[in-house]
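Worksheet for the structure shown next.
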Amino acid sequence: MPEHNLDLKRVVLEVPNQNLSSSEKYASLIKDLDANFESGKLYAFMGTSGSSKTTTMEAIAGVIPFGSLTSGEILMDNNERSDDTWEKMSTYERQKGYTIDELTVDEFVYYSTVFSLPNESKKNIEEAMDEVLGNLLGLGHVRSNRMEKLSGGERKRVGIAISFMKMLLLEGKLKVVLLDEPTSELDSGLAVKVVRFARDYARRNGSIVILTVHQPGPELYSTFDDLLFMHKGLRIYAGPSNDFMKYLNSKGIYNTGGPGTDTEFIFSLFTSGTKEAEQYKDQIKQIEMEAKNKKEVKGEV
46 MPEHNLDLKR
56 VVLEVPNQNL
66 SSSEKYASLI
76 KDLDANFESG
86 KLYAFMGTSG
96 SSKTTTMEAI
106 AGVIPFGSLT
116 SGEILMDNNE
126 RSDDTWEKMS
136 TYERQKGYTI
146 DELTVDEFVY
156 YSTVFSLPNE
166 SKKNIEEAMD
176 EVLGNLLGLG
186 HVRSNRMEKL
196 SGGERKRVGI
206 AISFMKMLLL
216 EGKLKVVLLD
226 EPTSELDSGL
236 AVKVVRFARD
246 YARRNGSIVI
256 LTVHQPGPEL
266 YSTFDDLLFM
276 HKGLRIYAGP
286 SNDFMKYLNS
296 KGIYNTGGPG
306 TDTEFIFSLF
316 TSGTKEAEQY
326 KDQIKQIEME
336 AKNKKEVKGE
346 V
């Protein structure tokens, strides 16, 4: 299968500042970001709240706030990203999608898919719905329920279903799949199942699959191929997910909490006010300075 590359080169995003007490007209959300993504891999964007991981995903998808200042390049197979072709080769599932409360789950998923893929046959859509709703996401028991009757977690799964429908029906055609917080509001078992589906899809189709995730457990974290960890709009680490702790160790940062606590430690480390952030404040400051000065860690994403 053909190989694809998605490249971010010195991407900068500044949005109109909503902080009335600040004299700065713009707030910098993405700061001179470089990253490269290869086909056949599952990538995770991670970082604490406010790190700009979702903002970065939106920039890749072409969703830019009105009045923003941008610079840099986003290249798909060495060509400038184009809105005309992007929609045909990608899918983007936002964390909070739209719903129509009066429709049943089946109706909502069916009509959303028809709207997205108007030339797809009814038979193919219904077969994909059986796979996605029944087998993959465990929504078989609520398919005839109206959307307004669903719990928050069930609504979340319906949102995921919309993207998974497009993924299955466009098998082999999607170069890029973007999933924003697909595991939020899911129990740990289903979260792992969803992410494994995304990983297997990337490998099977040679797609670039990117998801954002806040604080994954150890089993979920081990599912990712590569990681882009962001902090304050900066790229802190890019490379194999299982090498991030080695990178922190090289900076004099160690987790003494024992097996299975690495992800919890990582997020405490980059969260202001925690004992970990206080203990390693000098090392974190050095890491931030290196990120600003583009001294990058090996293991390029």
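Per the numbering used here, the sequence shown runs over residues 46 to 346.
Where a beta carbon is used, it is the ideal one built from N, C-alpha and C, also for glycine.
Exercise. What beta strand (DSSP E) runs, 3 residues minimum, are completely inside the segment 236–286?
Worked result: 253–258, 271–276 and 279–285
Problem set entry | Spatial neighbours of Thr-316 in its chain, beta-carbon cut-off 7 Å, leaving aside the 5 residues before and after | Thr-93 and Ala-322
For this session: Look at the alpha carbon of Tyr-88 and the alpha carbon of Arg-188, and state the distance between them as a whole number of angstroms.
Result: 31 Å
For this session: Decide if Val-239 is buried, meaning its Cβ has at least 16 other Cβ atoms within 10 Å, or exposed.
Result: Buried is the call here.
Exercise. Can you name the residues that DSSP bridges to Arg-126?
Worked result: According to DSSP, which records beta bridges pairwise, Arg-126 is partnered with nothing at all.
For this session: May I ask you to list the residues that DSSP assigns as paired with Tyr-88?
Result: When DSSP reads this structure, Tyr-88 sits in a beta bridge with Ile-255 and Asp-271.
For this session: Check whether the segment 205–216 touches the segment 166–185, counting contact only when three or more Cβ pairs, one atom from each stretch, lie closer than 8 Å.
Result: yes
For this session: Check Ile-119 in the structure and name its three-state DSSP category.
Result: strand
Problem set entry | Close Cβ partners of Asp-52 (< 7 Å) along its chain, the five nearest in sequence each way excluded | Asn-81 and Leu-120
Exercise. Between which two residues does the beta strand (DSSP E) containing Asp-146 stretch?
Worked result: Asp-146 -> no beta strand (DSSP E), and no H or E assigned at all.
Exercise. Nearest CA to the CA of Ser-84: which residue from Val-57, Gly-95, Thr-257 and Asp-271?
Worked result: Asp-271
Exercise. How many angstroms separate the CA atom of Ile-145 from the CA atom of Asn-300?
Worked result: 46 Å
Exercise. Going by alpha carbons, who is nearest to Met-46 out of Asn-338, Arg-248 and Phe-111?
Worked result: Arg-248
Exercise. So who's on the other strand from Asn-64, going by DSSP bridges?
Worked result: None, per the DSSP bridge assignment.
Exercise. Comparing alpha-carbon positions, which option in Asp-245, Asn-164, Lys-330 and Leu-215 lies nearest Leu-279?
Worked result: Lys-330
For this session: With a cut-off of 8 Å on the beta carbons, I'd call Val-56 and Leu-74 a contact; round off their distance for me.
Result: The Cβ separation is near 10 Å, so there is no contact.
For this session: May I have the straight-line CA-CA distance separating Ile-170 from Phe-153, to the nearest angstrom?
Result: Their Cα atoms are separated by approximately 12 Å.
For this session: Assign Tyr-232 to one of three DSSP states: helix, strand, or coil.
Result: According to the sequence shown, residue 232 is Asp rather than Tyr. Here Asp-232 sits in coil by DSSP.
Problem set entry | Minimum C-alpha distance to Pro-61 - residue among Lys-220, Ile-109 and Leu-273 | Ile-109
For this session: State the beta-bridge partners of Phe-82 as determined by DSSP.
Result: Checking the DSSP bridge columns, you'll see Phe-82 partnered with Leu-51.
For this session: Rounded to whole angstroms, what's the CA-CA distance from Gly-293 to Phe-310? Just pull it up for me.
Result: The displayed chain sequence assigns Leu, not Gly, to residue 293. About 11 Å.
For this session: Alpha carbon to alpha carbon, how far is Phe-269 from Tyr-282? Give it in angstroms, no decimals.
Result: 14 Å
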